[in-house]
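Going by this note's numbering, the first residue of the first sequence is number 338, and it counts up by one from there.
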Amino acid sequence: MPEGHTIHRYARKHWDDLGGQKIATSSPQGRFSSGAARLDGRTLTAIKAHGKHLFYRWEGGETLHIHLGLFGRFRRHTIPANEADLPPPSDGTRLVMTGEDVTIYLSGPTICRLVDPDTEASVRSRLGPDPLDDDSEIQKLKEFQANLARRSIPIGAALLDQKVTAGIGNVYRAEALFLAGIDPQIPAKDLSSESAVQLWSLSTELLRRGERAGRIITVDPTDVGAKRRSDLKKRERLYVYKRQGEPCRRCGTPISMSDMANRHIWWCSSCQPAGSGA
DNA sequence: GCTGCATGATGAA
DNA sequence: TCATCCTGCAGCA
Numbered sequence: 338m339p340e341g342h343t344i345h346r347y348a349r350k351h352w353d354d355l356g357g358q359k360i361a362t363s364s365p366q367g368r369f370s371s372g373a374a375r376l377d378g379r380t381l382t383a384i385k386a387h388g389k390h391l392f393y394r395w396e397g398g399e400t401l402h403i404h405l406g407l408f409g410r411f412r413r414h415t416i417p418a419n420e421a422d423l424p425p426p427s428d429g430t431r432l433v434m435t436g437e438d439v440t441i442y443l444s445g446p447t448i449c450r451l452v453d454p455d456t457e458a459s460v461r462s463r464l465g466p467d468p469l470d471d472d473s474e475i476q477k478l479k480e481f482q483a484n485l486a487r488r489s490i491p492i493g494a495a496l497l498d499q500k501v502t503a504g505i506g507n508v509y510r511a512e513a514l515f516l517a518g519i520d521p522q523i524p525a526k527d528l529s530s531e532s533a534v535q536l537w538s539l540s541t542e543l544l545r546r547g548e549r550a551g552r553i554i555t556v557d558p559t560d561v562g563a564k565r566r567s568d569l570k571k572r573e574r575l576y577v578y579k580r581q582g583e584p585c586r587r588c589g590t591p592i593s594m595s596d597m598a599n600r601h602i603w604w605c606s607s608c609q610p611a612g613s614g615a
């Protein structure tokens, strides 16, 4: 499920599977038929992730722009010796990309379209700094802080705004604010410099860990009596997300929930007391 | 089988 | 603030 860590992971894995190869493309569902027909047989020259957006660049200069939204997903199959053993794409499969050894099915994306390099650049220019991007850490942090300083919306809403920072979604916003001890309600511009720095470095650390592990794990194993992160059971991997009413793993206070920026948000009212982070 | 919900984002009102 | 688009699956009957 797609926050930035998943997207960067896809970019890397899809490049390993398909990079530099001539790719056969099709759209069983039909909604991307013309785009798939244009790409069919072309060589994939690069894959770039920015926040939750994916950009597949092809010989000939065009870019395939994909955004998974809430429902989009990729399915990957190694092509079996007998091609009849390959599970067929479902009727809803928007795009099939087949390389030498691997085929990828895409379903449910919010965006799947061909764009020119200028459009790719303009999409990216509207996104805030991505903690998983290779750009300079100092530069990204400065941009993040400047973006916060310009907003009076609550920090919990600002973190979901991809113009502020790109890649954080509803799980990471709740978990990062908990770990940083920040009240989700405080205005973004009121965040102290220390809290902003901490929030950025936590976001980076958590997203990196998520990309590596292939799942979101924010809990320090000692907080749940485990030795290693890999030992954590599914229900133990997060501090606050979807845990309303359950005891805080740090202090035992029941976790709170409310709505912010059209999504549920969870927090601990003792670890993140009103006004904390300012 | 049906219902509701979900790790997202936009555009209208 | 709401309605809408995108799809799958858990939880229920």
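Yeah, the Cβ is synthetic: ideal placement off N, Cα and C, and Gly gets one too.
Legend entry - Three-pair Cβ contact test at 8 Å for the segment 422-430 versus the segment 340-348: With the cut-off at 8 Å, the segment 422-430 and the segment 340-348 do not touch.
Legend entry - Candidates D471, W604 and E512, of which the one nearest H387 by Cα: Of the listed residues, the one whose Cα sits closest to H387 is D471.
Inset, instruction - Taking 8 Å as the cut-off, decide whether the C-beta atoms of A533 and I602 are in contact. - result: Not closer than 8 Å, so no.
Inset, instruction - Please work out which residues of its chain come closer than 8 Å, Cβ to Cβ, to L469, disregarding the five sequence neighbours upstream and downstream, and give them in chain order. - result: Annotation for L469: G341, H342, H345, A386, G504, T541, L544, R545 and E548 place their beta carbon closer than 8 Å to its own, counting only its chain and skipping 5 residues before and after.
Legend entry - Continuous beta strand (DSSP E) assignments of at least 3 residues falling wholly in the segment 448-490: Within the segment 448-490, the complete beta strand (DSSP E) runs of at least 3 residues are 448-452.
Inset, instruction - Spell out the partners DSSP gives A511 in its beta bridges. - result: The secondary-structure analysis by DSSP pairs A511 with nothing; it has no beta-bridge partner.
Inset, instruction - Decide if the segment 572-589 is in contact with the segment 479-486; the criterion is three or more beta carbon pairs, one per stretch, under 8 Å apart. - result: Judged by Cβ distances under 8 Å, the segment 572-589 makes no contact with the segment 479-486, as fewer than three pairs qualify.
Legend entry - Closest residue to D453 among E420, D467 and T400 (Cα-Cα distance): Checked all of E420, D467 and T400; the closest Cα to D453 is T400.
Inset, instruction - Return the bridge partner residues of I403 from the DSSP annotation. - result: Paired residues: L391 and C449.
Inset, instruction - State the Cα-Cα distance for the pair R412 and L497, rounded to the nearest angstrom. - result: R412 and L497: Cα-Cα distance of roughly 26 Å.
Legend entry - Reference L392; option with closest CA among G582, I554, R450 and K571: Per the sequence shown, residue 392 should be read as Phe rather than Leu. R450 is the residue among G582, I554, R450 and K571 whose C-alpha sits nearest the C-alpha of F392.
Inset, instruction - With distances taken Cα to Cα, identify the nearest neighbour of D527 among H351, A611, P591 and R461. - result: For the residues H351, A611, P591 and R461, the minimum Cα distance to D527 belongs to A611.
Legend entry - Whole-number beta carbon distance between A598 and A517, since they are thought to touch under 8 Å: With a Cβ gap of about 18 Å, A517 and A598 do not count as contacting.
Inset, instruction - Determine the closest residue to A563 out of R586, P491 and P339, with distance taken between C-alpha atoms. - result: Minimum Cα distance to A563 is reached at R586.
Legend entry - Check whether G429 and G409 have beta carbons under 8 Å apart: Not a contact, by the Cβ cut-off of 8 Å.
Legend entry - Distance, R566 Cα to Q366 Cα: It is roughly 40 Å from the alpha-carbon of Q366 to the alpha-carbon of R566.
Legend entry - Nearest residue (CA-CA) to T559, options G465, I592, D568 and E457: Comparing Cα-Cα distances from T559 to each of G465, I592, D568 and E457, the minimum goes to D568.
Inset, instruction - Give a yes or no on whether the C-beta atoms belonging to P491 and L405 are separated by under 8 Å. - result: No, the Cβ-Cβ distance between P491 and L405 is not below 8 Å.
Legend entry - Cα-Cα separation between G582 and H390, rounded to whole angstroms: Our two residues, G582 and H390, have alpha carbons roughly 34 Å apart in a direct line.
Inset, instruction - With DSSP as the reference, please indicate the residues paired to H414 in a beta bridge. - result: For H414, which the question treats as bridged, DSSP gives the partners T440.
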